[in-house]
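For reference, the structure discussed in these notes is given below.
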Amino acid sequence: MKKTKLNTLKIKSDEQKAYIQELESRLNLKTAEIIDSKNILAKTHKQIAKLNQELDDVLNFILMLEKEKLDSKAGGVLGLQKYMQTIIITEDKQLLFGLNIDKKFIQNRSIPTIKYYLYTFDCFTREEHQLNHLKIAQKKDFALIVETLIDYIALSFKNKNLLIKGIIEIAPNESLFLNKSQNLAIKFYGNHSIDEEVQNFIALYSQKN
């Protein structure tokens, strides 16, 4: 009888121990989850604080840039907001070519970012040019011609000891209907006029062909 009672008590004791161990395990798990949550929350707060600081830095930089431009140029130039609104660049990146601007930058950045980049380099010159009398046999030729033109312009300005930056955009309607015309229309947004270089290039290219 006593033995049976002892066995019963032992079983109950073992059950209680097992239950206590389960509770401890659950408590440890919850504690770990809470610690993880706190770490994640702390990390999130740090990331938010860092992002806010970066945004503040960008805004301060923009404001500083605006002030410098207005202070340094009598009569003022286009403000950033007006520049962003008035400069129209196609969303079709295949029609955009950088003049001393990396191709990957153009492909991987949004149009507003590209506009802002142009603004920081004083790309206030806007020109339209007709590349007349150039032999364009097929649609893919227009990219080759523009890339060759860009190399020619870059070399010309290098010889002048001037830094040239900008974007050349092929007029969309021209790229779609090259079979109807040999004239290729381009738009240029940059920090210097390229009119002389374009005319010289047309003359040179026409002689070779």
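Under the numbering used here, the first residue of the sequence shown is numbered 282, with each subsequent residue one higher.
Even glycine gets a Cβ: it sits at the ideal position worked out from N, Cα and C.
| Asked | Found |
| --- | --- |
| Q362: first and last residue of the uninterrupted alpha helix (DSSP H) it sits in | L361 to T367 |
| First through last residue of the alpha helix (DSSP H) which encompasses F469 | Where F469 is concerned, there is no enclosing alpha helix (DSSP H), although the beta strand (DSSP E) it sits in stretches over L465 to G471. |
| Per-residue burial, A299 [other beta carbons within 10 Å of its own, 16 or more giving buried] | exposed |
| Helix, strand or coil at A355 [DSSP, three-state] | Because A355 carries a pLDDT of 49, less than 50, the predicted location of this residue cannot be relied on, and no value is offered for it. |
| Close beta carbons around L457, own chain, < 7 Å, minus the five adjacent residues each side | At L457 the pLDDT is 48, less than 50, meaning the model places this residue with poor confidence and gives no usable figure here. |
| Test item: CB-CB of H473 and F423 under 8 Å | no |
| Minimum C-alpha distance to F482 - residue among G447, L444 and L412 | L412 |
| Whether I448 touches I392 by CB criterion (8 Å) | no |
| For L399, the first and last residue of its enclosing alpha helix (DSSP H) | I392 to T401 |
| Euclidean distance between Cα positions of N309 and L322 | 20 Å |
| Where I382 falls: helix, strand or coil (DSSP) | coil |
| Whether F378 touches I431 by CB criterion (8 Å) | yes |
| Residue range of the unbroken alpha helix (DSSP H) whose run includes E409 | Premise fails: E409 lies in the beta strand (DSSP E), T406 to L412, not in any alpha helix (DSSP H). |
| Buried versus exposed call for K363 [16 or more other C-beta atoms within 10 Å across all chains shown] | exposed |
| Contacts around E478, its chain only, beta-carbon distance under 7 Å, and the 5 residues preceding and following it disregarded | Y433, I434 and S437 |
| Three-state class that DSSP yields for L310 in the structure shown | helix |
| CB-CB length for L376 against I475, believed under 8 Å | L376 to I475, Cβ: 17 Å. No contact. |
| Proximity of Y470 and L415 at Cβ, strictly below 8 Å | no |
| Assigned secondary structure, I445 (DSSP; H/G/I helix, E/B strand, else coil) | coil |
| 8 Å Cβ cutoff met for F402 and K446 | yes |
| Residue environment, H410, which counts as buried when at least 16 other CB atoms sit within 10 Å | buried |
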